[in-house]
Every structure is written in structure tokens, then in C-alpha cells.
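Chains as they are written, first to last, in the numbering used here: chain A, 404 to 735; chain B, 404 to 735; chain C, 404 to 735. For each residue, glycine too, the CB sits at the ideal point set by N, CA and C.
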Amino acid sequence: MRHFLNLREHSPAALRALADRALMIKRGEATPGAIKGRTLVMLFFNSSLRTRASFEAAMGRFGGSAIVLNVGSDTWSLETRDGVRMDGDAPEHVREAAAVLGRYGDAVAVRSFATMRDHGADFADAIVRAFAAYADVPVISMESASEHPCQGLTDWVTMIEQLRETRGRRFTLTWAPHVKPLPMAVPHSAVLAAAAAGMLVTIARPRGYALRPEIMATARQWAAAGGGSIEETENHTDARRGADVLYVKSWGAAFADNAGPVNNPNLADWLVTRDHLGQDTRLMHCLPVRRNVVIADDALDDPRSVVIDQAENRLWAQAAILDAVFNAERGA
Amino acid sequence: MRHFLNLREHSPAALRALADRALMIKRGEATPGAIKGRTLVMLFFNSSLRTRASFEAAMGRFGGSAIVLNVGSDTWSLETRDGVRMDGDAPEHVREAAAVLGRYGDAVAVRSFATMRDHGADFADAIVRAFAAYADVPVISMESASEHPCQGLTDWVTMIEQLRETRGRRFTLTWAPHVKPLPMAVPHSAVLAAAAAGMLVTIARPRGYALRPEIMATARQWAAAGGGSIEETENHTDARRGADVLYVKSWGAAFADNAGPVNNPNLADWLVTRDHLGQDTRLMHCLPVRRNVVIADDALDDPRSVVIDQAENRLWAQAAILDAVFNAERGA
Amino acid sequence: MRHFLNLREHSPAALRALADRALMIKRGEATPGAIKGRTLVMLFFNSSLRTRASFEAAMGRFGGSAIVLNVGSDTWSLETRDGVRMDGDAPEHVREAAAVLGRYGDAVAVRSFATMRDHGADFADAIVRAFAAYADVPVISMESASEHPCQGLTDWVTMIEQLRETRGRRFTLTWAPHVKPLPMAVPHSAVLAAAAAGMLVTIARPRGYALRPEIMATARQWAAAGGGSIEETENHTDARRGADVLYVKSWGAAFADNAGPVNNPNLADWLVTRDHLGQDTRLMHCLPVRRNVVIADDALDDPRSVVIDQAENRLWAQAAILDAVFNAERGA
């Protein structure tokens with residue numbers, strides 16, 4: 404594995420091997436030895452708490468070091484278009500920035516969110532793709548417009564940890580209200596992970612909030628190959644009932660034509676409460692979560708919520724990813 | 404010792420042991436071995452120069468690593484109230500943030516200044532207390548509204564280094580003018596340290612600038628138990644005369660009802676000059692210091708000023724604190 | 404070598420030894436062993452991508468650690484004048500900041516750009532000089548108003564790598580257009596490096612854009628001693644023809660009296676294109692570069708462009724500098 408830009412361009416088998424390896428590292432049964440002595444350059448176009456801290460912790464814990472560069476969405480930008488006369492805001496082209504940072508680190512990790520303005524352009528993941536093209540080292544996405552693959556792999560790790568066998572288990576992704584429209588990267592990767600895991604996937608979301616068709620197509624293909632299934636519904640009550648995993652996430656209708664606002668009062672009953680948890684349901688969310696807007700206190704504070712374990716697993720999933728890309732680099 | 408949130412909830416004996424250990428580490432007679440291989444997560448709600456650099460230096464020098472997260476007071480905030488519907492500015496509750504960061508690090512250090520708007524709420528140290536409640540690892544305060552305990556321990560270290568025997572020596576804390584009202588965390592911890600050290604403490608400050616009564620009560624109790632004393636005066640001339648330690652600090656009358664502004668021309672003679680130093684006085688200040696507003700050049704540049712040694716001791720005091728909390732964690 | 408504040412206060416022979424050492428480190432023929440276990444404190448008054456990442460990479464790769472402090476040009480400032488009453492924006496004097504940071508690190512690296520408002524004051528490099536005066540450890544300039552010495556040494560390293568023998572080879576520094584006036588630190592150090600390397604130096608720039616006379620005087624002296632030469636011309640076409648190294652850089656006429664704007668349409672033909680490259684010309688630029696404003700795509704993407712190798716060499720040049728200052732410190 405050279406780059407780790409998303410889940411959809413890897414095979415379910417390769418992702419499963421990474422997830423298993425992450426759990427072995429967590430239990431102390433394996434060591435990500437390729438991290439030792441390596442340098443990871445992390446470039447953030449958007450702010451981060453968990454992603455940054457968990458990557459730094461993974462590098463530091465296993466003997467590597469991390470260089471963190473906060474670009475700041477307002478203060479500096481990289482030109483991604485070819486052939487333009489660069490007399491605007493961007494003082495540097497991504498070709499140079501990627502090539503240079505690739506000389507300073509053994510891998511480069513990049514976060515560049517969806518702009519939410521041009522959905523087609525967002526989905527092309529220009530910044531992350533350009534880094535993969537121009538840096539001479541492995542590139543890891545720390546979330547782009549199309550996916551949040553480190554989160555998606557973490558979700559799979561967490562479901563294996565919680566359920567042991569994931570095949571044939573019920574995974575419900577449920578949309579939730581929010582104060583503003585959010586990108587779709589997290590639900591995209593979560594659905595792909597559940598499909599790759601052979602789960603019976605239900606996506607509950609209001610009319611107009613469909614996920615991106617390209618992602619759904621891959622998820623359906625993976626589900627079919629792995630013994631799982633994909634369904635979509637606008638009825639959250641039925642969808643939540645009996646779920647082994649209830650994965651809650653809000654997203655704006657970023658790629659849809661006629662969606663309403665995410666804080667539409669008519670959608671207020673999409674809030675997830677303890678009443679929606681079955682006896683053995685595990686409640687998952689990528690965090691941060693707005694309490695009593697997205698999920699009610701009584702659900703989040705219930706023992707069936709595994710959101711803290713899920714967040715911890717970022718560390719272990721990323722240790723497995725780093726080990727894999729550094730090993731591939733060493734072999735190249 | 405599990406957490407290090409303030410001085411007042413530890414015993415003078417335990418604090419003295421830490422101070423002695425810091426000096427042994429400084430002299431190379433002891434090694435804070437528990438730091439090796441450990442990760443400290445540092446979360447700043449307010450900016451920092453000395454605190455951040457000295458913690459990072461302590462971790463790096465003894466084989467650990469530090470993760471620094473600058474929250475920024477304006478860009479992000481954590482909800483601390485329970486049960487609220489989080490539809491405002493704060494995208495995350497401190498319950499989740501604390502629990503997650505505790506999974507990534509072996510200890511979490513937090514800085515959260517007084518808001519200076521609601522004194523009672525400030526003194527409750529909600530952010531730091533929430534981290535201690537929800538993170539599953541030791542929590543260290545890098546300054547909250549009520550105290551700056553790492554500074555206070557450093558001050559004690561510095562006084563032992565300078566005076567050898569502190570019991571019965573004269574410690575004068577003197578208020579000084581400033582361009583804006585500052586929090587009381589530093590003078591609170593300094594007075595507690597001097598009281599714990601058995602010193603004859605005098606607090607010189609204008610009418611209306613009393614320190615917080617809870618802090619004064621503990622200081623009086625410690626002084627009584629340790630052979631020292633606590634006095635307050637509005638006459639800075641008498642108070643400074645003959646001091647073994649002249650500790651200068653400005654603070655706003657944050658918890659007082661009828662204080663005037665800190666840059667009141669009537670208070671300009673509270674500026675500390677070389678004339679206020681006795682033959683053997685040590686001049687202390689936590690830095691940063693506004694020259695010729697708080698302390699005059701001739702005093703700061705005098706050999707009796709130990710402010711640079713005092714700042715260096717942050718490194719050694721914090722090495723001792725880190726070693727203690729990591730050791731306790733290991734034993735738990 | 405105690406401090407590394409600029410090129411002009413070192414001897415060409417000492418700088419050449421550093422450049423050779425950098426190449427040996429790059430090739431794995433030498434190890435900068437003095438970096439191991441050391442702490443570098445980096446203080447940025449201006450933002451940075453390459454400088455910060457390459458210094459952190461050099462420290463991390465060879466077993467040291469780096470503490471990065473971003474002062475931010477707007478949010479905080481250090482007073483540099485002596486004797487003033489500090490009742491303005493600056494909460495701390497450089498005397499204290501330098502002395503304290505010197506206690507936390509084994510060396511301090513500082514970046515403080517030209518203000519472009521007061522050219523004489525800029526050239527005095529007050530911040531960097533104050534750090535050298537008040538920190539008790541070696542100080543490295545990461546660019547001040549007068550020079551960017553780490554870049555200049557890197558340029559020399561790159562030219563040795565590319566040309567093997569630099570004496571008698573043709574070095575052309577050519578001014579280029581930009582969207583705003585930039586400081587002269589980079590061209591100053593580049594010209595000094597080329598002069599020290601015994602090259603035939605031509606500086607092509609519009610009328611009114613002369614470099615600082617003090618720098619030119621040193622460059623002429625070094626060129627005379629080393630078998631090289633210094634010429635200045637306003638004719639970029641002749642200057643570029645036959646250059647072994649074409650070094651492109653824009654600068655504002657910061658120290659000149661009657662210069663026009665850098666984006667003057669009459670100067671648009673100073674843009675460097677592939678047509679300006681001779682068969683064996685190496686194209687150099689310190690980056691970041693605005694494509695098609697400063698250098699055209701066809702030149703930057705030509706195999707004769709060595710800008711990425713040049714940027715990589717920052718890492719190796721700085722490893723040599725750090726090793727030298729830490730070794731000197733150890734010997735002191």
C-alpha cells in the first residue's frame with residue numbers, strides 16, 4: 404500500500420487486514436516497527452483536535468516524530484490549478500509544496516475539507532490528489548471532501564472489537580440534526596467500512612439527503628461480494644430498531660439538489676435518544692458531537708455508547724496505516 | 404499524587420518533597436525516569452510562552468514527547484455545563500474532549516485563565532476540574548483562575564535555591580501597577596508556597612485589592628502550622644524594607660467589589676525600583692514583566708534580581724511534577 | 404562557531420567547510436552527532452513552511468527535539484528598545500524572552516522579517532541581535548532583514564552539488580516581478596554565497612533596485628579574494644545568457660530611494676521563461692514561487708530547474724549548522 408487516500412480504492416480484504424493489525428497493536432500483540440525513526444509531516448488546511456493528537460500520539464509512542472503545519476484556511480492557500488498566472492491569494496503551487504514536504508518527511512498526511520460550494524470540484528479531492536501526485540513519499544488523507552478514511556478504518560476496528568463477527572450484523576447509519584451543514588466524508592467512509600465488513604447496512608436519512616452515488620455504488624458492490632446488503636429509508640424509527648450498531652452523523656445535503664436546512668424544525672425528531680437503543684445496540688459517533696442537538700445526553704452517557712473507545716481507536720488504526728505505508732516505502 | 408490542579412489541595416510536606424526533588428533533578432542528582440516514553444497532551448485555551456516551552460523541554464529532555472493543542476480563546480470552545488442543548492458556539496462538550504485526550508496521552512495538562520467576568524464561576528475552575536473528572540489519566544493545571552500551581556512550586560524551588568532555609572525568612576508579595584487588570588492565579592499560588600515554606604509573609608496591596616478569602620484562609624492555616632505568619636498592609640514602603648524575597652506581581656481586583664483601575668495614577672508609586680531592594684533581597688517575578696511599569700530597569704537588571712533563574716526553574720519543577728504523576732499512574 | 408546570524412560575519416573558508424559537511428551528511432558519509440539529545444527552541448515572528456519543517460526534520464532525524472513557538476506578527480511582540488516605559492503593545496522585553504528561552508533550549512533559532520518601513524532600523528536586525536546578546540546559548544537566524552543565512556548556505560551546497568567546481572562559473576541573480584515588494588534577505592545571502600564560492604557574479608535588476616551597499620561591499624571583497632567577480636546590470640537578457648546558475652528572486656526596492664512598484668507593467672518582461680535557460684543552466688529559486696508571475700511554468704517544470712533539490716538541501720545545510728553550534732557549545 405503506497406498511499407491511503409480513501410477506502411474505496413483499496414480492497415475490503417486489504418482494509419480488513421489493516422483493521423485486524425490495529426487491534427493486535429492495541430492489545431500489544433504486534434508492534435508497528437516501521438514507525439521507529441520515521442518522520443510524518445502533517446499539513447492541516449482545516450483545524451483538528453482528535454486527528455492531530457492521535458497521529459502525533461501514534462508517531463511518538465512508536466519512536467517516530469511528527470511535524471505539524473497548520474495552514475489555516477484563511478491565512479494561506481495553495482494553488483491547485485495548472486497553467487494559471489498566480490497573481491491572486493495563493494503564494495505557492497501545490498506542486499512545489501508537495502514535492503518539498505515529501506523531501507522532509509517519510510510520509511505526508513493532509514487534511515483538506517470540502518468547500519461545500521462546488522460539489523463536483525470538492526469530490527475530486529484536488530489537494531490530496533495533488534500531494535499524492537507530486538510528493539515522492541506515501542500520502543495519507545486526514546479527511547478530504549470525499550472520505551475520511553482513517554475514521555472509516557477506525558469504525559471497522561471498533562465494530563470488530565465490539566461485535567467480534569461483523570458479517571450479517573445490522574449496521575444503521577442515521578442522519579441527525581445539526582446547527583450547520585457538514586461534509587459527507589465521515590458517513591461515506593463509515594458506509595464503505597460497514598459494507599466491506601459484510602454487514603446489513605441501513606441508511607436512514609430525510610428526503611434529499613442521499614449520500615454521493617459513486618460511494619453508494621461501491622458500497623453496494625462490496626456488500627454484494629461480502630454477503631451484506633445496503634438499504635436506504637426515510638423512516639428512522641424502523642431503521643434504528645434492532646441495530647447492532649447505531650452510527651449517528653449529521654451531514655448537509657452537500658451533493659443533493661433540493662435539500663432543506665439541517666436545523667429544519669420538521670427534522671427535530673431525528674435526534675437520537677436512549678429510547679432508540681436496543682438491548683445490545685452499540686452507539687457510535689466520530690466526535691465532536693453536539694449534545695442534545697445530535698444525540699441526547701441519556702444516549703451518550705449510556706453504557707451502550709462506545710464513542711470514547713471509538714475515538715481511542717483512531718490511534719491504533721493510524722498506527723497500522725503508518726506502519727503499512729512506511730513498510731511499503733521501505734520495500735520500494 | 405494523581406492530579407496537580409493547585410497547591411491548596413496538597414499538603415505542604417508533599418509540595419516540599421516535590422520542590423526538593425526538582426532541585427535534585429536540576430543538579431543532576433536525580434532523574435525523573437517516569438517521563439521516558441510517556442506522552443503529555445497539552446491543551447491551551449490561552450496563549451503561553453514559558454509554560455509551553457518549559458513543559459515541552461521537560462518532556463523532551465527526559466525522553467518523553469509532548470502534543471501541543473492551541474484551542475485559541477476565540478476559535479473554539481468547550482461546553483462545560485451539563486444538560487444543555489449545545490446549539491451555540493461550542494461544538495464539543497468537555498466530557499468527550501477530556502475522555503478522548505486522556506486516551507491519547509499519559510497525562511493531560513490544561514491552561515484555562517480566569518474570564519474576569521464572573522469571579523465566582525472563575526474560581527470554580529470548571530474546565531480544569533472537568534478534565535480531572537473525565538480524563539482517565541493525571542491532569543496538571545498550567546494555570547486556571549484560582550491558581551498557577553506550577554509557578555507556585557517553582558517559586559518555592561527558587562526560594563530554597565536562593566535562601567537554603569526558608570523558615571522564618573521574610574517574604575513580601577507586593578502589588579504593582581499594570582496597563583490592564585490581570586488574574587490572581589500567580590499571587591495566590593505564590594502566597595500559598597511562601598506560607599507552606601514557613602516564611603513570614605507580608606502582602607502589600609492597595610485598598611480593595613485583597614486576594615481571595617479562601618486562599619488567604621489556607622495560607623493562614625499553613626503558616627500557623629509551619630511556624631510562619633501572614634500579614635496584609637497597604638503600606639508598600641514598610642513591607643518592602645528588609646524582605647528576603649520581594650515578589651512583585653500586578654493583579655486586577657478581580658474578586659473585590661470596589662477596586663480602582665490598575666493604572667490609576669494614584670498608584671504609580673507602587674512601581675518597584677532598586678531603592679526597594681535590601682542588601683540581601685532577592686527580587687522575583689513570574690514574567691512576562693513590563694519594564695518601568697511594574698518593575699524599573701534598575702531593579703530588574705540588578706544582580707539581586709533572580710527572575711531568569713526563577714523562569715528556568717519552571718523546567719525543573721515541572722519535571723518533578725511530571726515524574727510524580729506518571730509514577731502514581733504506573734502504580735495505579 | 405557560536406552564533407549563525409548571517410553569512411557576512413563568517414569567513415568564506417568556514418562557510419565552505421559547513422557546505423561540504425552538509426553534503427557529506429546528505430550522502431551518509433558524516434553524522435551530525437551533536438544534535439542527539441539536544442533541544443532547539445524555534446521562535447517565529449513571521450510564518451514559515453520550509454524553514455520550520457526542515458529544521459524540525461533535521462532535529463528529529465538526528466535524535467534531537469524542536470520546540471516551535473509562533474509569536475505571530477500581530478498577536479504579540481517583544482520590546483527591543485532599552486529604557487522605555489513598556490505601556491504599549493509589547494508585554495515582554497527581548498532581554499527576558501531571550502534569556503529565558505536560552506535556559507530551555509540548547510540553541511535558539513529566530514525568524515524576524517524586515518518591517519519594510521524603516522530600512523536602517525531593519526538592517527540592524529534588532530531582534531536577532533538581541534537574542535544573541537541575551538540568550539546564553541547559540542542563536543541561529545532563520546531570516547532577518549539583512550540576510551537569510553540558512554538559505555544562503557543551502558544555495559552554496561546546491562551549487563557544489565550541481566557544478567562540483569564553483570570557482571570561475573557564472574552565477575546570475577536576476578530580479579523578477581511580483582505582486583508585492585519582498586525583503587532583500589534572500590538575494591543578499593545568495594550573492595554573498597556565490598561571491599564566497601569564487602563565482603563570476605552578475606546581478607541583473609531594474610534601475611533603483613540595487614542591493615544594500617554594505618552587502619555589496621562584502622561580496623566584492625570576497626569575490627576579489629576568491630578569484631571571482633561582481634557585476635551589476637539593468638540588461639537581464641545579456642545577464643541570463645550563458646549562466647551556469649540562474650538564480651531568480653523578486654525583491655522590493657526596500658533600501659532604494661526611487662524605485663517603482665514591483666508589479667510595474669514596464670517590468671513584466673523580467674519574468675523568467677525557458678528561453679532564458681542555456682543548455683547547462685541550473686535554475687534556482689528559494690520558494691515559494693508564484694508561477695507565471697516570477698518564473699513561467701515551462702522553466703519551473705524543465706529538468707534544468709533544481710528548486711526542489713535546493714529546498715531539500717535546507718535540511719542538510721541546517722543539520723551541518725546545528726551540529727557546528729552544538730559542538731562549539733559543548734566545547735565552551
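- Going by DSSP, residue 592 of chain A is part of no beta strand (DSSP E) but of the alpha helix (DSSP H) stretching over 588-599.
- Contact between residue 444 of chain B and residue 511 of chain B is confirmed by a C-beta separation of about 5 Å, below the 8 Å threshold.
- Among the CB atoms of chain A, none fall inside 8 Å of the CB of residue 435 of chain C.
- Inter-segment contact for the region 545-558 of chain A and the region 507-525 of chain A is present: three or more beta-carbon pairs are separated by less than 8 Å.
- Residues of the region 490-502 of chain C whose Cβ lies closer than 9 Å to any Cβ of chain B, in chain order: 490, 491, 493, 494, 495, 496, 498, 499, 500 and 502.
- Rounded to whole angstroms, the separation of the alpha carbons of residue 414 of chain C and residue 428 of chain C is 21 Å.
- By the neighbour-count criterion, in which a residue is buried when 16 or more other Cβ atoms sit within 10 angstroms of its Cβ, residue 706 of chain C is exposed.
- Listed along chain A, the residues sitting closer than 7 Å to residue 696 of chain C by beta-carbon distance are 488, 489 and 490.
- A straight line joining the alpha-carbon of residue 485 of chain B with that of residue 676 of chain B spans about 49 Å.
- Restricting attention to alpha helix (DSSP H) runs no shorter than 4 residues, the region 498-552 of chain B encloses them at 522-526 and 529-537, ordered along the chain.
- Taking C-beta atoms as the reference points, residue 718 of chain C and residue 451 of chain C fail to come closer than 8 Å.
- By the Cβ test, the region 614-629 of chain B is in contact with the region 587-594 of chain B, since at least three Cβ pairs between them sit closer than 8 Å.
- Cβ contact annotation for residue 410 of chain A (same chain, cutoff 8 Å, sequence separation greater than five): 418, 550, 552, 555, 556, 592, 595, 596 and 599, in chain order.
- Listed along the chain, the chain C residues whose CB falls inside 7 Å of the CB of residue 470 of chain A are 456, 459 and 460.
- Within chain C, the residues placing a beta-carbon under 7 Å from that of residue 463 of chain B are 442 and 468, ordered along the chain.
- Contact check for residue 577 of chain B against residue 623 of chain B fails: the beta carbons are separated by 8 Å or more.
- Scanning chain B for C-beta atoms nearer than 7 Å to the C-beta of residue 453 of chain A yields 503, reported in chain order.
- Counting only residues of its own chain and dropping the five nearest sequence neighbours on each side, residue 607 of chain A has a CB closer than 6 Å to the CB of 577, 636, 639 and 642.
- Of the candidates A/491, A/468 and A/437, A/491 places its Cα closest to the Cα of residue 694 of chain C.
- Its Cα nearest to that of residue 503 of chain C, the residue B/690 stands out among B/627, B/732, B/690 and B/729.
- Using beta-carbon distances, residue 691 of chain A counts as an interface residue toward chain B, with a partner under 8 Å.
- The distance from the Cβ of residue 509 of chain C to that of residue 732 of chain C is about 7 Å, consistent with a contact at the 8 Å cut-off.
- Closest by C-alpha distance to residue 586 of chain A, out of A/604, A/645, A/529 and A/654, is A/654.
- Per DSSP, reduced to three states, the secondary structure at residue 474 of chain A is coil, with no helix or strand assignment.
- A residue is called buried once 16 or more other Cβ atoms fall within 10 Å of its Cβ, and residue 672 of chain C, having fewer, is exposed.
- Neighbours of residue 514 of chain B in chain A, taken as residues at a C-beta separation under 9 Å, are lacking, since the least C-beta distance is about 16 Å.
- With contacts defined by Cβ atoms closer than 8 Å, residue 602 of chain C and residue 631 of chain C form a contacting pair.
- Residue environment: residue 539 of chain B is assigned as exposed (fewer than 16 neighbouring CB atoms within 10 Å of its CB, all protein chains considered).
- Secondary structure of residue 679 of chain A (DSSP, three-state): helix.
- Of the residues A/699, A/406 and A/685, the one whose Cα lies closest to the Cα of residue 648 of chain A is A/685.
- Judged by DSSP secondary structure, residue 607 of chain B falls within the beta strand (DSSP E) whose first and last residues are 603-607.
- As DSSP reads the structure, residue 633 of chain A sits in a beta bridge with A/604.
- Across the structure, residue 687 of chain A and residue 440 of chain B are spaced so that their CA atoms are roughly 31 Å apart.
- At a C-beta separation below 8 Å, residue 484 of chain C has no neighbours in chain B, since its nearest C-beta there lies roughly 10 Å away.
- DSSP places residue 421 of chain C inside the alpha helix (DSSP H), whose first and last residues are 415-429.
- With contacts defined by Cβ atoms closer than 8 Å, residue 697 of chain B and residue 522 of chain B do not form a contacting pair.
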